[in-house]
Amino acid sequence: MNQPLVSCATPSATIRQRGQHEVFCGLTSIIWLHRKVQDAFFLVVGSRTCAHLIQSAAGVMIFSEPRFATAIMEERDLAGMVDMHDELDREVARLLERRPDIRMLVLVGSCPSEVIKFDLNRAAERLDKRFGSKPRVLCYSGSGIETTFTQGEDNFLAALVQDQSVHGASDKVARLVVAGSVADVVEDQFARLLDELGLEDFVFLPGRSSERLPKIGPNTKFVLAQPYLGATAAALESLGASRINALFPLGEEGTTAWLKAIADTFGVSPARFAAVTEAPRRRALEATAHYRSALAGKRIFLFPDSQMEPSLARYLSRELDAEIIEVGSPYLHREHVAGELAMLPPGVSISEGQDVEIQIDRCRAAKPDLVVCGMGLANPFEAEGIVTKWSIEFAFTPIQGYEQAGDLAELFARPLTRKAMIAGDRSGNRRAAS
Ligand code: SF4
């Protein structure tokens, strides 16, 4: 059995694990990306398993034609690879004939061996040329061998940035790129706040349409709205853009620190910053306070899943007075999350990667009040009487920004409140029966 290696790092020792993962693959990110980029179509080049995953994760859309599908590649030997290119070309031509509204076609790679052997980059380049970039054709990997579910988004955003560097951009220059998919309602709120701070020429990545990005270069700053964007940050930096170091915009404190880092970079005066943020800060604090009694003192264990765990743990600890036992993350982009980790109380265990059986043992021994974990672990824990929260909900639910602070707190409070209600019902029934 693998033993975890413990190394000394700030602020707490990190448990590095290299065992089995229990995390969805990068294809899962298509579920929120296809809703976000409204004229894009995601075509998974994969197997029946991939088709089942995205169909069941997304639910079946009966009344609207979805904007994702799977081109199923059956098993074949290497000699069959040429046919596979022809087959994909035929599928794409059929799709575009039926759906002329598609402005961007995204080929998504998966992990069956016949797809790994297939050169998806070459296929995307060929198809892009063939259709004269109408639609643009690009690709990224959502393979379960290489990616966890939020890394699918990271690879997509990196592909968008690279595509822009190859195919050129609109004439405008982006002064600020806000990188990371957020719900439209959150994007609107952030855009309003940035406007009120007096910022111009900012752009969200991804945007709501496949329109090309403004020019990105040495005059561009970028700020991450999601913590899982290592490849995207590297792609932006390769074009000369520089990262604004900030906490992530979760809760009142995180959102204020995130906006302040942007404001300071662009020379916004402290008085203007205070005037713009005062009212929404107050609303966020009030909304969060409503849930504090449900979470104060509760011991929480976070399994590695979305890479949002360090930010969630910081929010739980500092704004809801919860006690954090362990914070797991599939990967830690240390530079990006340094601020988050530094704000955790001393003694919190940080773990990177996963060795699921060992981690389950640690979790059971710690007897937490709430476990934040993937769906595969949640059911067995619930059967043992351990209260859980599915981590994937933090990727699907609008939780960033001031106006969502209460919703974020509620996501954690709900399972605990439900447990308390069930326990109350049972004891009430027992009293009634005696
Ligand atoms: S990409 Fe791999 S892990 Fe993901 S659904 Fe397809 S076969 Fe499964």
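In full-length UniProt numbering, the protein residues as written are 1 to 434.
Ideal Cβ positions, reconstructed from N, Cα and C, are used throughout, including at glycine.
Task: Sequence-distant residues of the same chain with beta carbon closer than 7 Å to MET343, five excluded per side - done: Take MET343, set aside five residues on each side of it, and the residues of its chain with a beta-carbon closer than 7 Å to its own are ARG314, ARG318, in chain order.
Task: Between the CA atoms of LYS134 and GLU211 - distance to the nearest angstrom - done: Each residue's Cα considered, the two are about 12 Å apart.
TODO: Could you pull the start and end residues of the beta strand (DSSP E) that VAL45 belongs to?
DONE: Judged by DSSP secondary structure, VAL45 falls within the beta strand (DSSP E) whose first and last residues are 40-46.
Task: 8 Å CB neighbourhood of ARG90 in its chain, flanking five on each side removed - done: Same-chain partners within the cutoff: there are none.
Open item on the list: Going by beta-carbon coordinates alone, are ASP321 and ALA296 separated by less than 9 Å?
Closed with: In this structure, ALA296 lies closer than 9 Å to ASP321 by Cβ.
Task: Top-ranked residue by Cα proximity to PRO398, from ASP188, GLN354, ILE422 - done: Checked all of ASP188, GLN354, ILE422; the closest Cα to PRO398 is ASP188.
Open item on the list: When you compare the CB positions of TYR402 and THR277, do they come within less than 9 Å of one another, or not?
Closed with: Taking C-beta atoms as the reference points, TYR402 and THR277 count as a pair closer than 9 Å.
Open item on the list: So for THR70, helix, strand or coil by DSSP?
Closed with: Looking at THR70 - three-state DSSP - the assignment turns out to be strand.
TODO: Could you tell me which uninterrupted alpha helix (DSSP H) segments, each at least 4 residues in length, are contained entirely in the stretch 267-350, listed from first to last along the chain?
DONE: Whole alpha helix (DSSP H) segments, 4+ residues: 270-295, 309-320, 334-342.
Open item on the list: I want to check one thing, is the minimum distance from the CB of GLY374 to the heavy atoms of ligand 1 below 8 Å?
Closed with: No - ligand 1 has no heavy atom lying nearer than 8 Å to the Cβ of GLY374.
Task: Start and end residues, alpha helix (DSSP H) containing ALA246 - done: Careful: ALA246 lies outside any alpha helix (DSSP H) and carries neither H nor E.
- [ ] Put SER209 into one of helix, strand or coil per three-state DSSP.
- [x] Coil.
TODO: Report all residues from its chain with a CB closer than 7 Å to the CB of LYS36; omit the five preceding and five following residues, and keep chain order.
DONE: Around LYS36: SER181, PRO206, ARG208.
Open item on the list: With DSSP as the reference, identify every bridge partner of VAL371, one or two as the case may be.
Closed with: For VAL371, DSSP records a beta bridge to PHE301, THR388.
- [ ] Just the C-alpha distance for ALA409 and SER269, rounded to the nearest angstrom, thanks.
- [x] Answer to the nearest angstrom: the Cα atoms are 31 Å apart.
Task: Spatially closest choice to LYS298 from CYS139, ALA420, GLU335, by CA coordinates - done: Answer by Cα proximity: ALA420.
- [ ] Within its chain, find whatever has a CB closer than 6 Å to the CB of PHE248; leave out the 5 residues flanking it on each side and keep chain order.
- [x] The residues are PRO227, GLY254, SER311.
Open item on the list: For GLY230 and ASP163, I'd like the C-alpha separation in whole angstroms.
Closed with: Each residue's alpha carbon lies about 17 Å from the other.
TODO: Indicate whether ILE360 and ASP305 have their beta-carbon atoms separated by less than 9 Å.
DONE: The criterion of a C-beta distance shorter than 9 Å is not satisfied by ILE360 and ASP305.
Open item on the list: Among ALA40, GLN38, ILE30, VAL203, whose alpha-carbon lies nearest the alpha-carbon of LEU53?
Closed with: LEU53 has its Cα closest to that of ILE30, out of ALA40, GLN38, ILE30, VAL203.
- [ ] Assign ASN155 to one of two classes, buried (16 or more other C-beta atoms within 10 Å of its C-beta) or exposed (fewer than that).
- [x] Counting every other CB atom within 10 Å of its CB across the protein chains shown gives ASN155 a total of 16 or more, marking it as buried.
Task: One or two residues paired with GLY217 in a DSSP bridge - done: The partner list for GLY217 (beta bridge, DSSP) is empty, contrary to what the question assumes.
Open item on the list: With a threshold of 8 Å (Cβ to nearest heavy atom), would THR148 be considered close to ligand 1?
Closed with: Every heavy atom of ligand 1 is 8 Å or more from the Cβ of THR148, so no.
TODO: Check whether the Cβ of ILE145 sits closer than 8 Å to any heavy atom of ligand 1, and report yes or no.
DONE: Distance from the C-beta of ILE145 to the nearest heavy atom of ligand 1 is below 8 Å.
TODO: With distances taken Cα to Cα, identify the nearest neighbour of VAL223 among GLY217, SER242, SER238, PHE301.
DONE: With distances taken between Cα atoms, VAL223 lies closest to SER242.
- [ ] Have a look at ALA383 and ILE422 and give me their C-alpha separation to the nearest angstrom.
- [x] Here the C-alpha atom of ALA383 lies approximately 15 Å from the C-alpha atom of ILE422.
Task: Among ARG364, ASP101, GLY240, GLY46, nearest to LEU107 - alpha-carbon criterion - done: Here the closest residue by C-alpha is GLY46.
Task: Candidates SER293, TYR291, HIS336: closest to MET308 by CA position - done: Taking the Cα of MET308 as reference, the smallest distance to any Cα among SER293, TYR291, HIS336 is reached at HIS336.
Task: Simplified DSSP assignment, three categories, for ARG418 - done: Here ARG418 sits in helix by DSSP.
TODO: Tell me, to the nearest whole angstrom, how far the beta carbon of LYS215 is from that of LEU176; I am working on the premise that it is less than 8 Å.
DONE: The Cβ separation is near 13 Å, so there is no contact.
Task: Spatially closest choice to MET73 from LEU88, ARG67, PRO66, by CA coordinates - done: Of all alpha-carbon atoms in LEU88, ARG67, PRO66, the one lying nearest the alpha-carbon of MET73 is that of LEU88.
Task: As assigned by DSSP and simplified to three states, the class of GLU165 - done: Sequence inspection shows Ser at residue 165; the Glu mentioned does not correspond to that position. SER165: helix per DSSP, three-state reduction.
TODO: At 3 residues or longer, and completely inside the stretch 115-155: list those beta strand (DSSP E) runs for me, N to C.
DONE: The stretch 115-155 contains these whole beta strand (DSSP E) runs: 136-141.
TODO: Could you tell me if ILE98 is buried or exposed, where buried requires 16 or more neighbouring beta carbons within 10 angstroms of its beta carbon?
DONE: As written in the sequence, residue 98 is Arg, which differs from the Ile given in the question. By the neighbour-count rule (16 or more Cβ atoms within 10 Å), ARG98 is not buried but exposed.
TODO: Quick one: residues in its chain with C-beta nearer than 8 Å to the C-beta of GLY374, no 5 flanking neighbours on either side, listed in chain order?
DONE: GLU22, VAL23, PHE24, PHE303, ASP305, TRP390, SER391, ILE392, listed in sequence order.
- [ ] May I have the straight-line CA-CA distance separating ALA395 from LEU33, to the nearest angstrom?
- [x] Inter-residue distance for ALA395 and LEU33 is about 11 Å (C-alpha atoms, whole angstroms).
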